[in-house]
């Protein structure tokens with residue numbers, strides 16, 4: 003039996019270091035996303051423990067009347083502010099190095115490969131325990147693309163964008179929806195970074 007999984011990037015956050023909240027624009031994005039899912043039979047919503055994901059998920063859960071659960075496996079690969087004194091420029095440099103070298107482990111956080119494996123393992127577990135209906139997962143753009151690079155052939159990803167792996171950090175908009183299907187322990191990509199519900 004195939005399990006349907008909706009991977010939603012958190013809404014737009016406030017500018018700043020650390021575990022930032024979503025912005026007023028992000029609130030509107032999350033509300034639009036809640037309206038989109040209101041008519042769909044979502045059985046559960048899971049989210050990252052970071053505030054921007056929790057706030058987005060809470061708005062969607064309230065709008066859809068769905069139970070919300072936090073899962074630490076849905077956290078981002080790395081977060082600006084986890085390393086004391088790190089400038090934003092240093093964080094971006096570290097992030098880009100992780101993207102290009104999937105086995106590079108940053109001083110705080112996971113390598114891109116570890117992050118992709120973490121989300122794949124989490125979604126396999128969820129697919130096995132919730133086969134009865136679609137699940138909504140509110141997480142982070144970097145983690146979504148790390149996962150896709152892990153489980154989808156590069157040639158298929160390059161049909162979405164000719165340089166998918168190199169450009170992946172710019173491809174998943176806030177509150178976009180990426181739909182994947184899991185069947186017999188294998189993932190397939192149904193839709194990538196859809197934003198029509200926000201227009």
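Numbering (my numbering), first residue to last: 3 to 201. Note that beta-carbon positions come from the ideal geometry of N, C-alpha and C, so glycine has one too. On a predicted model such as this, the values are computed, not experimentally measured, just so you know.
DSSP, reduced to helix, strand and coil, places residue 36 within a helical segment of the structure shown. Closest option to residue 104, judged by alpha-carbon separation, among 55, 95, 94 and 116: 116.
Contact between residue 24 and residue 54 holds, since their C-beta atoms are separated by about 5 Å, short of 8 Å. Per DSSP, the beta-bridge partners of residue 141 are 11. About 22 Å separates the CB atoms of residue 178 and residue 157; that is not less than 8 Å, and the two are not in contact. Rounded to the nearest whole angstrom, the CA to CA distance from residue 87 to residue 152 is 31 Å. The bridge partners DSSP lists for residue 24 are 15. A direct Cα-to-Cα measurement between residue 111 and residue 120 gives close to 12 Å. In the structure shown, residue 181 adopts extended strand secondary structure according to DSSP, grouped into three states. Annotated as distal: residue 159 and residue 7, with beta-carbon spacing of 8 Å or more. In this structure, the straight-line span from the alpha carbon of residue 95 to that of residue 47 is close to 33 Å. Residue pairing from DSSP places residue 193 in a beta bridge opposite 181.
Assignment of alpha helix (DSSP H) within the stretch 61–110, counting only whole runs of 4 or more residues, yields 90–102 in chain order. By the C-beta density criterion, residue 139 is buried, having at least 16 other C-beta atoms within 10 angstroms. Look at residue 48 here: in three-state DSSP terms it is strand. Counting along the chain, residue 127 sits inside the alpha helix (DSSP H) bounded by residues 114–131. Excluding residues up to 5 positions away in sequence, 72, 74 and 77 lie with their Cβ nearer than 7 Å to the Cβ of residue 51 in the same chain.
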